[in-house]
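I have placed the structure first, in the form of structure tokens, so that the comments after it can refer back to it.
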Amino acid sequence: MRVKIACPKCEWEPDGGAYLQCSCGHVWNTFDTAGRCPNCSKTWEDTMCPKHHGGCGKWSKHLDWYRNLADQLNKEVEKALKKETVADKH
8 MRVKIACPKC
18 EWEPDGGAYL
28 QCSCGHVWNT
38 FDTAGRCPNC
48 SKTWEDTMCP
58 KHHGGCGKWS
68 KHLDWYRNLA
78 DQLNKEVEKA
88 LKKETVADKH
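Numbering follows the numbering used here, with no gaps: position 15 of the sequence shown is 22.
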């Protein structure tokens, strides 16, 4: 199961566009950097759904946009633990 990104309030899915503007003036796709501005390194805890691109215009916690994140992280941890167990046997 892949991690899906969608607005927690309206289900709008990002299309890869650069819609979030940082307080430093830089505009970028916040999902490319998990909410961290590549210009000034400010990390945004909240992300606005871009109303002018089909979203609802409301703010939500950035992490709430990621669906199936816990499942994906659990799979990655399980894989790492299996590799560690195999390496320990050698």
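From the three backbone atoms N, C-alpha and C, an ideal C-beta is built for every residue, glycine too.
Enclosing beta strand (DSSP E) for residue i [first to last residue]
i, result
"residue 5", "Past the boundaries of the shown model lies residue 5; the chain is included only from 8 to 97, so the question cannot be answered."
Straight-line Cα distance separating residue j from residue i
i, j, result
"residue 69", "residue 86", "26 angstroms"
"residue 50", "residue 41", "8 angstroms"
"residue 15", "residue 82", "23 angstroms"
"residue 56", "residue 65", "6 angstroms"
Of the residues the options, the one placed nearest residue i, counting alpha carbons only
i, options, result
"residue 11", "74, 84 and 90", "74"
"residue 30", "20, 44, 76 and 18", "44"
"residue 53", "88, 90 and 28", "28"
Open item on the list: Quick test of the definition: if touching needs 3 or more C-beta pairs under 8 angstroms, does the region 57-64 touch the region 8-25?
Closed with: Contact between the region 57-64 and the region 8-25 is present, because at least three Cβ pairs lie under 8 angstroms.
Open item on the list: Which runs of the alpha helix (DSSP H) at least 4 residues long sit entirely within the region 52-89? Give them in chain order.
Closed with: none
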